[in-house]
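A quick write-up on the structure given underneath.
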Amino acid sequence: MGAIIDKEIETGKANLEVFSSTLQELAATDRDIVAVTSDSRGSGKLVPFGQKFPKQIVEIGIAEQNLVGVAAGLASVGKKVFAVSPACFLTARALEQIKNDVAYSDNPVKLIGISAGVSYGALGTTHHSLHDFAVLRAINNIIIVAPADNFETEQAIAQAAASEQPFYIRFGKKPMPLLQPRSESSFEFGKGRVIKEGDDITFIATGETVYPALQAAAKLEKEQGISATVISMHTIKPLDHDLLTKVAATGKPILTVEEHMVYGGLGEACASYLIQNGHHNRFKIMGIPDEYTVTGSQNDIFNHYGLTESGIAAEAAKLLEK
Amino acid sequence: MKQMTEQELQQKSVQYRKNIIKYIYGAKAGHTGGSLSCVDILNVLYNYVLNVGPENFDSPDRDRYIQSKGHTVEALFVVLADKGFFPESDLETMSQYKSHYIGHPTRKVNGVEQNTGALGHGLSLSVGTALAAKMDARDYRVFTLLGDGELPEGSNWEAALTASHYKLDNLCAIIDHNKLQITASTKEVCDTNPIDDKFESFGWAVRHVDGHDIGQLKEAFDAMPFEAGKPSLIIAHTVKGKGISYMENVLKWHHGVPSEEQYAAAMEELDQVMATL
Ligand SMILES: Cc1ncc(C[n+]2csc(CCOP(=O)(O)OP(=O)(O)O)c2C)c(N)n1
Ligand SMILES: [Mg+2]
């Protein structure tokens, strides 16, 4: 299985764009697909969707709690509902509606968190979602997904549409290169994708941090002869325990990377499973630390906290030295 | 505070508009249309109504201004700089790495009362702040600015109930009623009309003003509280993008950034207005 990083890198579109085009394809043949928005159709790239399927879009206005409640009601009578709103407002403001009206009541809404993580950059903390994995992991009956590339995004949207379960799917708006040729790729919720195999260390990343993890792996290989396995753990919950067991069994260090606070996200989910199952690999969680988040663009913030090719490579080297 | 003449206030408004455009153009980001629609309101608040300045910002008796529509922070920054809360040149760092001058108000910036940006928070914060004045028998008053597209957030209506329940006549909410939001007009997105009847039935006293008429704004603020024992609401009828003709009432200027030519045209138009004042 070969990553395409050193071969033809398909520049890729923003996962947001792919979400929008995939949803349009689905809506064309399935009249039950409904997008629900909160003055968010522009930021959700759903303006063309609204033009093509005016009867399949419901505008709520700026009222995210109401958005989720209405979406749950629509889903309860058979609509295939995509509730689309910035990840920050969707998962903070409307959390009780997610917990009670979607997850607990088992209304299969697909919650789409757009411009997730620190995608909104200099708009600041009100607009960041660094808490979403943590709060949603603590709620029963919702599948949490952070697609890394365009392939994962289109698969996640299409497969979620066909599912009877509640979902939260979050992504950013930066163009994301394809991690693997499509012919070598497969996608199944709850199954991590091994993008590259290596012998010395395992990187487990999710969403927009998978690509820098893959770049870091290439850099380590070239400069220090260190070879890393790179996994896109697109499904945060349910977590791929089989894959975790397999990588832990190598005894090699594990480095997790996520665009989320270091508490309560992918890293702690992995650590919790591993330690409770007798695995004691060297382990490090990379993410956004528990502090007043530095200000700047998404790139500035990634650079500041080392969520980059060189930052991840440096942490990996440190972990291997211990 | 030395009273400014109406002409001086009008000149301030033009200068503020120029600065809003200048720093948004510099940062290549910002909420242009809504900053231009609310800046006359901020002008009258900071230069006529509020007893707030850098010299008394730590006084418990200062009036409070909480901007609920945090996204139009550029208008607030420009006014706060003019009031001397920080050097205007700080705004050259807007939206840059490690700058505190980000796309929404934060208390890291001198003069900002609350961290806003998620819509639908300012009114509750203001109710709490006004309620504390009543509890401690202090004279300060609390002002908050809401967007019209922001009104469907349920928290606004919860706060409106609390405000009248506690008879907060030291509280004034201003709605920047520019009739537009991001997707379309507020009427098309979620029609909140009639706003006045709704608030009146929630126990508020309501007035309509032209939100670009300095005289009308002064008069309305002078009349506060509009009724004893009731919170006051000013529905300020405004134009999104006000002052730059190609931006006025045009949806895309919600967060549009002018090109070089558009920047020059905007500055020229504002200079021409300034010359007539
Ligand atoms: C809770 C929340 N939801 C959504 C947004 C994104 N947002 C920012 S500005 C805006 C439109 C605001 O429209 P309006 O209140 O009319 O403001 P104005 O026209 O004065 O700019 C939206 C949806 C937000 N900042 N907060
Ligand atoms: Mg508006």
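Chains as they are written, first to last, in numbering that gives the first Met the number 0: chain C, 0 to 321; chain E, 0 to 276.
Yeah, the Cβ is synthetic: ideal placement off N, Cα and C, and Gly gets one too.
A quick note: this is a predicted structure, and the numbers were derived from the prediction, not measured.
(request) Starting from the beta carbon of E/H99, find every residue of chain C whose beta carbon is closer than 8 angstroms, and list them in chain order. (result) T294
(request) Let me know the secondary structure DSSP gives C/D239 once reduced to three states. (result) coil
(message) Considering only heavy atoms of ligand 2, does any lie closer than 7 angstroms to the CB of E/N177?
(response) yes
(request) Would you please verify whether the beta carbon of C/E7 is less than 8 angstroms from any beta carbon of chain E? (result) The predicted model places C/E7 with a pLDDT of 43, which falls under 50 and marks its position as unreliable; any figure quoted below should be read in that light. With 8 angstroms as the cut-off, C/E7 does not count as an interface residue toward chain E.
(message) At a cut-off of 7 angstroms, would you count E/K239 as near ligand 2, judging by its Cβ distance to the nearest heavy atom?
(response) yes
(request) Return the Cβ separation of E/H254 and E/G29 in integer angstroms, given the expectation that the two are a contact with Cβ distance under 8 angstroms. (result) 7 angstroms
(message) Nearer than 7 angstroms: is that true of the beta carbon of E/T185 relative to any heavy atom of ligand 2?
(response) yes
(request) Count the other C-beta atoms from every protein chain shown that fall within 10 angstroms of the C-beta of E/D221, then say buried if there are 16 or more, exposed otherwise. (result) exposed
(request) Consider the Cβ of C/A93: report whether some Cβ of chain E lies at a distance smaller than 8 angstroms. (result) no
(request) Specify whether the stretch 154–165 of chain C and the stretch 144–157 of chain E touch according to this definition: at least 3 beta carbon pairs, one from each stretch, less than 8 angstroms apart. (result) no
(message) If we define contact as Cβ-Cβ less than 8 angstroms, is C/F126 a contact residue for chain E?
(response) Here residue 126 of chain C is His; the residue named in the question, Phe, does not match the sequence. Yes, because at least one Cβ of chain E sits closer than 8 angstroms to the Cβ of C/H126.
(message) Rounded to the nearest angstrom, what separates E/Y24 and E/V272 at their Cα positions?
(response) 20 angstroms
(request) Please confirm whether E/S36 and E/K241 have their CB atoms less than 8 angstroms apart. (result) yes
(request) For C/M0, decide whether its Cβ has a neighbour in chain E, counting only Cβ atoms nearer than 8 angstroms. (result) Unreliable placement is indicated for C/M0, whose pLDDT of 41 sits below 50; the coordinate value is still reported in the next sentence. For C/M0, the answer is no, since every Cβ of chain E falls outside 8 angstroms of its Cβ.
(message) Tell me the residue span of the alpha helix (DSSP H) that contains E/K186.
(response) 185–188
(request) Report whether the distance from the Cβ of C/G295 to the nearest heavy atom of ligand 2 is below 7 angstroms. (result) no
(message) Looking only at its chain, what residues have a beta carbon closer than 6 angstroms to the beta carbon of C/I168, apart from the 5 residues adjacent to it on each side?
(response) I111, V144, A155
(message) If the criterion is Cβ atoms closer than 8 angstroms, does the pair E/G148 and E/V188 meet it?
(response) yes
(request) Over the uninterrupted alpha helix (DSSP H) stretch that includes C/Y210, give me the two end residues. (result) 209–223
(message) Helix, strand or coil, according to DSSP, for C/A161 in the structure here?
(response) coil
(message) Quick check on C/D241 - is its C-beta less than 8 angstroms from some C-beta in chain E?
(response) no
(message) Any heavy atom of ligand 2 closer than 7 angstroms to the beta-carbon of E/D279?
(response) The displayed coordinates of chain E run from 0 to 276. Any statement about residue 279 of chain E would go beyond what the structure contains.
(request) Just confirm the distance between the C-beta atoms of C/I284 and C/Y304, as a whole number of angstroms; I'd bet it's less than 8 angstroms. (result) Not really, about 12 angstroms apart at Cβ, beyond 8 angstroms.
(request) Identify the continuous alpha helix (DSSP H) that holds C/S75 and give its terminal residues. (result) 63–75
(request) Assess, as a yes-or-no matter, whether the stretch 194–209 of chain C is touched by the stretch 251–270 of chain C under the definition of 3 or more beta carbon pairs within less than 8 angstroms. (result) yes
(message) Is it buried or exposed, C/A70, if we count other Cβ atoms within 10 angstroms and call 16 or more buried?
(response) buried
(message) For the beta strand (DSSP E) containing C/P47, name the first residue and the last one.
(response) No beta strand (DSSP E) contains C/P47, which is instead part of the alpha helix (DSSP H) from 46–51.
(message) Within 8 angstroms, do at least three Cβ pairs link the stretch 32–43 of chain C to the stretch 187–197 of chain C?
(response) no
(message) In whole angstroms, give me the CA-to-CA distance for C/A27 and C/L73.
(response) 19 angstroms
(message) Check whether chain E comes within 8 angstroms of C/N65, counting only Cβ atoms and requiring the distance to be less than that.
(response) yes
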